[in-house]
Amino acid sequence: MTKPSSEILMACQTMCAFGSSLLYEGPDREKLTALAQASDLLRESPFVALGDGTALRMADALRSAASDEAAFDAFYRDLRQDYAFLFYMVSVSKASPFESVYRTDDATMFGPTTLEVRHEYERFGLKLSASDSQPDDHLGIELAFLAELFARAEAADEARAATFLDAAWGFMHEHVLAFSHTYLEQAAQAARTAFYRDAARLIDAAIDETAAVLDAWRGHNR
Numbered sequence: 078m079t080k081p082s083s084e085i086l087m088a089c090q091t092m093c094a095f096g097s098s099l100l101y102e103g104p105d106r107e108k109l110t111a112l113a114q115a116s117d118l119l120r121e122s123p124f125v126a127l128g129d130g131t132a133l134r135m136a137d138a139l140r141s142a143a144s145d146e147a148a149f150d151a152f153y154r155d156l157r158q159d160y161a162f163l164f165y166m167v168s169v170s171k172a173s174p175f176e177s178v179y180r181t182d183d184a185t186m187f188g189p190t191t192l193e194v195r196h197e198y199e200r201f202g203l204k205l206s207a208s209d210s211q212p213d214d215h216l217g218i219e220l221a222f223l224a225e226l227f228a229r230a231e232a233a234d235e236a237r238a239a240t241f242l243d244a245a246w247g248f249m250h251e252h253v254l255a256f257s258h259t260y261l262e263q264a265a266q267a268a269r270t271a272f273y274r275d276a277a278r279l280i281d282a283a284i285d286e287t288a289a290v291l292d293a294w295r296g297h298n299r
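Residue numbers (the numbering used here): 78 to 299.
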């Protein structure tokens, strides 16, 4: 089976890892500083081709924030408040990042999908949740899993890469795509900052692009 080029696999890994970091990790001053310093990466492939100018707007926001200390402090404060609203006040924001909320009749966490995704992580020797008390079907964790599969596929020979890519294709369709569009649209609507609004839409577009790569690989090798 022929795997995609290293460039394509690395682009998919980058998109998934970037989405994971924005969704799963709250704003941290040191990491936000590093992101601002590397904001020009959002002006390049694969990000610049995604969405409707979302990556460029995010890059502009980061560059503007980095222009002086007061601007950065205000930007950092706004992002922290918005992240807390989106991820810790879900009863108000109405945008839960957990798959089981969208796939159980009573919209509860720790549903069957939580155990299903945990089984997939364990199948590849991974424990991705930062806490045993947190459900494993957080979209940020699911994207981290896909990023790891793409990284392993890029480093592997053709036969072994097929195992990782087949797992990624199945996981994408059985779990990520089952709720990501609904969740990310809710997050974009609920976000109080343009940065997180654009981030939700960029991640949504990145998921579509990554799914298209997996579908093309699957179709070519069936």
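Where a beta carbon is used, it is the ideal one built from N, C-alpha and C, also for glycine.
Exercise. Does the distance from the C-beta atom of residue 284 to that of residue 96 stay below 9 Å?
Worked result: yes
For this session: Classify residue 175 as helix, strand or coil using the three-state DSSP reduction.
Result: strand
Exercise. Heavy atom of the ligand NAD less than 8 Å from the Cβ of residue 149, yes or no?
Worked result: Annotation note on the ligand NAD: not contained in the displayed structure, which lists no ligands.
Exercise. Quick one: what's got a C-beta closer than 6 Å to residue 190's C-beta in the same chain, skipping five residues either side?
Worked result: 176, 177, 180, 214
Exercise. Residue range of the alpha helix (DSSP H) that residue 268 falls in?
Worked result: Where residue 268 is concerned, there is no enclosing alpha helix (DSSP H), given that its DSSP letter is neither H nor E.
Exercise. With a cut-off of 8 Å, do at least 3 Cβ pairs link the stretch 238 to 248 to the stretch 140 to 158?
Worked result: no
Exercise. Where residue 173 and residue 260 are concerned, what is the direct C-alpha to C-alpha distance, given to the nearest angstrom?
Worked result: 7 Å
Problem set entry | Contacts around residue 297, its chain only, beta-carbon distance under 8 Å, and the 5 residues preceding and following it disregarded | 79
For this session: Would you list the residues sitting across from residue 215 in a DSSP beta bridge?
Result: 175
Exercise. Using the beta-carbon count (16 or more within 10 Å), is residue 299 buried or exposed?
Worked result: exposed
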